[in-house]
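Undergrad: Using our numbering, you'd call the opening residue of the sequence shown number 86 and step up by one each time.
Virtual Cβ for every residue (Gly too), placed ideally from N, Cα, C.
The structure is given below, and queries will be raised subsequently.
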Amino acid sequence: MTMLTPRTPTKLAPPGRARRERKAAELESRTRLVGERLAATSARPRTLVLQDVDTSLDGLTHAEAALRLEHHGANTVAQERTPRWFVQLGKAYWNPFIGVLVFLAAVMYWQDPADPGVVILSVMVGISGLLRFWQEYRSGRAADALKKLVTTTCAVQRRAGSGSAPTTFEVPMDQVVPGDVVKLAAGDLIPADLRLVGSKDLMVGQAALSGESLPVAKADTRTNDLGQQETTDPVEADNLCLMGTSVTSGTATGVVVATGSDTWFGSMAGSLVGERPQTNFDNGVRKVSFLLIRFMLVMVPVVFMVNGLTKGDWNEAFLFGIAVAVGLTPEMLPMVVSANLARGAVAMSRRKVVVKRLGAIQNLGAMDVLCTDKTGTLTEDRIVLDRYLDVHGHEDGEVLEYGYLNAHFQTGLRNLMDQAVIDRVDEAEEVVVDARFSMVDEIPFDFARRRMSVVLDRRSLLGDRGRPEHVMITKGAVEEVLELCTHMRDRGETVELTEQLRWHVTRIAEDNNRRGLRVLAVATRSVDVPRDTYSVADEDGLTLVGFLAFLDPPKADAARALQGLADKGIAVKVVTGDNDLVAARVCADVGIEVGQVVLGAETDGLDDTELRGLAARTAVFAKVNPVQKARIVRALQADGHTVGFLGDGINDAAALRDADVGISVDTAVDIAKESADIILLEKDLTVLEQGVLQGRTTFGNTIKYIKMTASSNFGNVFSVLVASAFIPFQPMLAIMLLVQNLVYDIAQLATPWDRMDEEYLRKPRNWDAKGIFRFMVTIGPISSIFDIAMFVIMWNVFAADSEASQSLFQSGWFIEGLLSQTLIVHMIRTRKIPFIQSRASWPVMAMTVLAVLTGLWLPFSPLAPTLGFVALPAGYFPWLVGVLLAYCTLTQLVKTWYIRRFNTWL
């Protein structure tokens, strides 16, 4: 039996590839094998397909269905489940910096269990992890709440026993098995992959799989039950309905040929669970973390050796080395990053954006390429009648009138284009039509004819009840309707449709097709001998009236939103499963420079290097399948871009997962929402633009903290190194270093609430470990110059030149070091002149004042003896002000040089 093939295709990817490449190869292999099997099923005659799945048109018996359910398993696809809370909690603490802090706290506890530094570090670690855990846990619950299953049952035809008559009843979708006969009606979700065995007026919405906005006609077969011509894409097969699609109109009967992971949908879902690929944020944090850790591993042994050799007290030198390690480590980095991201997530939630993974906020700010589907993002995701044209391509109300009559009086289920015609006509006109016309008969749509006709009685126009006048109005595919036309309407006259005129009107229709419009022809015929019933044979000798042209219209604000993204340095590339003509038309309408549209099939023959070049210069990709979408994303990433992907269909899931930031919407299919990092409650690029700004603000404040703290800490350690070599006592006690760092770091907790300069937000921002190192070694030593100046002042002016007066020396340097660290925040946070051209937010200003007051108070406080401080003389403070002013002035000058030299600051 065909359906008893193994559920999981052999993984063809070599074991030596990177995990991400193996996943991509697995997805490609799986979808290709399933696609080939479905394509073969489509090409086989219906009778052989029924034999393949060992069933009949009457369906399975209940006993057979139960056995197959046990054999094949539930009709479900692999899903990525939200981790348990304790797993999320553990991952929140999986961070190299947190590891360093835990190590330092353990060493300090081993040296002295009563050391207050142990408590300080432990609190920092605890708050950082809990903050990150709670925000991601809460966002995960919000995302889970968005999952809404439209229906959980479907109509299946089964029998009580082998000799019993079939009955139709509802069964849960997860209990559908291969061989089941499923009944479909408008609004139904397709529960599995089906081969149609009967249909009437069936239209299926496949946007979730193909990206095509308009529903497509499906039928049980083409001719004589021989199946259809072989196709390599099961989505394009006319006699297959695939899991994840839905019926928009009509009815059908289909036999289930695949369930669960054997379906086209399931073949994609199976490769999308497990560990996610590393994103731009993950790589950036890792590089910066290890840069700072390596720097610490170099500096701490040097300080330890210098102190041990010059002071002779190796135990004290060890304690001081540990304190320096704490001083060098941006111990608040995990907390500040988590607070930044959490604040960004809260701010984005107010703009109807759910952030599932906090790191995605920074990725959103770093994004410089956005790949997006067309339907519902650039367009309104609805079908409208764009124009009604006569045979010369001019708008003509008569065409609209006849098109409306055809749509209004048909008794079958209206499709989206019928509804679009009706929506174009005013309610008042509908009342008049109902009074002037009455229904006589209907010739329904079928797949072979691709048209439908209504016959109306318009005798009411004559104002009497005499001889009835019947008119047939036919609407359908241009080619099929034109074959039946002998005449056409030309400026109010009926003229013969010659071969030259036939070529002319065909060109009119083709021109509109090339503009991305779906075109239907409208034709009429007056019936000479009225009667009660009509047949397909009466659809002859028609007069062509004109054409109805439909499209999914661009959103009114799409062009403005795209321009807003372009102004912020983000290139938008449209990657859609829809056809190239429609994609080009919509993209041109919203201001995208289309250029050459590349079809998905064209990318298959390219190697990775060739695809990188093509992806860089192409703005629109059309007729792209899921594997090709993901490959395009990876090609852009390999070219150095931070890539976002916005999609809501099954065919978008792989690309959403591979992108640096996957963006979906709350109305998306579950697999798309599970693969996404961010979920928009409104499918609106304007909302996305606000998210980009929030992401850049979040990243800016994070990098601001890293550069301020790293350069400041480096300057302090450099100063300690100089002092240790020339001063006969410790320049600052270990406890003083810890307190200084604690006060400074608490002040930095306001950083997430700081504002960023408008110029900073105009282009994407990314992690740059080399830039951070360059900043640290350039700006850091500036503070050492003035630290050494304060050493000289304390030694010569205030005679703090012996061990007996070391407390005075240490207190003086403590205040200068803390105030210079705190004030320099305002110099570094902007490339402009601080306080004049750019002012920090009020929380930052308030924390600055609080830190300065705390530093000035401690040497005079009751805590002073415990911490080793002594009160400073009044003459110290003018010197302090002079040093700080000189420090700020030199920093501003160096900043100006640095920006000119490297064309960057933060």
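Please classify F375: is it buried, with 16 or more other beta-carbons within 10 angstroms of its beta-carbon, or exposed?
TA: Classification for F375: exposed.
Undergrad: Does the segment 961–972 come into contact with the segment 851–864, if we say contact requires no fewer than three beta-carbon pairs (one atom in each stretch) closer than 8 Å?
TA: In short, these stretches do not touch, since the Cβ pair count stays below three.
Undergrad: In the structure shown, what three-state DSSP assignment does D347 receive?
TA: If DSSP states are grouped into helix, strand and coil, D347 belongs with the helices.
Undergrad: Look up H572 in the DSSP assignment and say whether it is helix, strand or coil.
TA: Strand, per DSSP.
Undergrad: Tell me which same chain residues have a C-beta within less than 6 Å of the C-beta of K848, skipping the five on either side of it?
TA: Contacts found: G654.
Undergrad: Give the DSSP bridge partners of Q242, in chain order.
TA: According to DSSP, which records beta bridges pairwise, Q242 is partnered with T253, V266.
Undergrad: For T661 and G747, I'd like the C-alpha separation in whole angstroms.
TA: Cα to Cα, the separation comes out at about 16 Å.
Undergrad: When DSSP labels each residue in this structure, what does R436 get in the three-state scheme?
TA: Coil.
Undergrad: For a test of the three-state rule: what should DSSP assign to G329, helix, strand or coil?
TA: It is coil, neither helix nor strand.
Undergrad: What three-state label does DSSP hand T338 in the structure shown?
TA: Strand at T338.
Undergrad: Skipping 5 residues on each side, what residues in its chain have a beta carbon closer than 6 Å to that of A835?
TA: Counting only Cβ-Cβ distances below 6 Å, and skipping sequence neighbours, we find P928, V929, M932.
Undergrad: First and last residue of the beta strand (DSSP E) that includes E578?
TA: First-last of the beta strand (DSSP E) with E578: 578–581.
Undergrad: If you follow the beta strand (DSSP E) that G747 is part of, which residue opens it and which one closes it?
TA: Its beta strand (DSSP E) spans residues 746–750.
Undergrad: Taking C-beta to C-beta, are G800 and S869 nearer than 8 Å?
TA: Yes, the Cβ-Cβ distance between G800 and S869 is below 8 Å.
Undergrad: For A700 versus L721, is the C-beta spacing smaller than 8 Å?
TA: In contact: A700 and L721 (Cβ atoms closer than 8 Å).
Undergrad: Taking 8 Å as the threshold, find out whether the segment 170–177 comes into contact with the segment 267–277 through three or more Cβ pairs.
TA: Cβ pair count under 8 Å is below three, so no.
Undergrad: Does the Cβ-Cβ distance between T496 and H572 come in under 8 Å?
TA: No, Cβ-Cβ distance for T496 and H572 is not below 8 Å.
Undergrad: Shortest alpha-carbon distance to G960 belongs to which of L893, P251, L908, L903?
TA: The shortest C-alpha separation from G960 is found at L893.
Undergrad: Going by beta-carbon coordinates alone, are G561 and R536 separated by less than 8 Å?
TA: Going by C-beta atoms, G561 is nearer than 8 Å to R536.
Undergrad: Can you confirm whether the segment 181–200 touches the segment 398–408 when touching is taken to mean that 3 or more C-beta pairs between the two stretches lie within less than 8 Å?
TA: With the cut-off at 8 Å, the segment 398–408 and the segment 181–200 touch.
Undergrad: Rounded to the nearest angstrom, what separates Q681 and A656 at their Cα positions?
TA: Whole-angstrom Cα-Cα distance: 16 Å.
Undergrad: Express the C-alpha separation of M353 and D323 in angstroms, rounding to a whole number.
TA: Computed Cα separation, rounded: 21 Å.
Undergrad: Would you check if the distance between the CB atom of L325 and the CB atom of L279 is smaller than 8 Å?
TA: Contact flag set, yes.
Undergrad: By DSSP's criteria, M879 is part of a beta bridge. Which residues make up the other side?
TA: The partner list for M879 (beta bridge, DSSP) is empty, contrary to what the question assumes.
Undergrad: Taking A707 as the reference, which of Y487, T688, E695, M817 has the closest Cα?
TA: Among Y487, T688, E695, M817, the Cα nearest to that of A707 is on T688.
Undergrad: Quick one: complete alpha helix (DSSP H) runs, 4+ long, within the segment 648–701?
TA: If we require 4 residues or more, the alpha helix (DSSP H) runs fully inside the segment 648–701 come out as 665–674, 685–689.
Undergrad: Starting from Y473, follow the alpha helix (DSSP H) in both directions and report where the run begins and ends.
TA: Where Y473 is concerned, there is no enclosing alpha helix (DSSP H), although the beta strand (DSSP E) it sits in stretches over 469–474.
Undergrad: Give the secondary structure of S127 by DSSP, where H, G and I count as helix, E and B as strand, and everything else as coil.
TA: Note: S127 maps to helix in three-state DSSP.
Undergrad: In chain order, what residues of the same chain have a beta carbon less than 6 Å from the beta carbon of P455, not counting five sequence neighbours either side?
TA: Note that residue 455 is Leu in the sequence shown, not Pro. So the qualifying residues of the chain are I655, V657, G729.
Undergrad: How many Å lie between Y790 and T395 at the Cα?
TA: For Y790 and T395, the distance between alpha carbons rounds to 34 Å.
Undergrad: For T317, does the count of other Cβ atoms within 10 angstroms reach 16, so buried, or fall short, so exposed?
TA: T317 should be labelled exposed.
Undergrad: Go through its chain and collect everything with a Cβ distance to V563's Cβ below 8 Å, but skip five positions before and after it.
TA: Answer for V563: T591, A594, V604, L605, A606, F632, listed in chain order.
Undergrad: Sorted by chain position, which residues of the same chain lie with C-beta nearer than 8 Å to E1007's C-beta, five sequence neighbours on each side aside?
TA: Here the chain has residues from 86 to 991 only, and residue 1007 is not among them.
Undergrad: Judging by CA-CA distance, which residue of E321, A271, S141 is the nearest neighbour of T336?
TA: The candidate whose alpha carbon is nearest that of T336 is A271.
Undergrad: Taking E465 as part of the alpha helix (DSSP H), name the residues at either end of that continuous run.
TA: First-last for E465: undefined, no H or E at that position.
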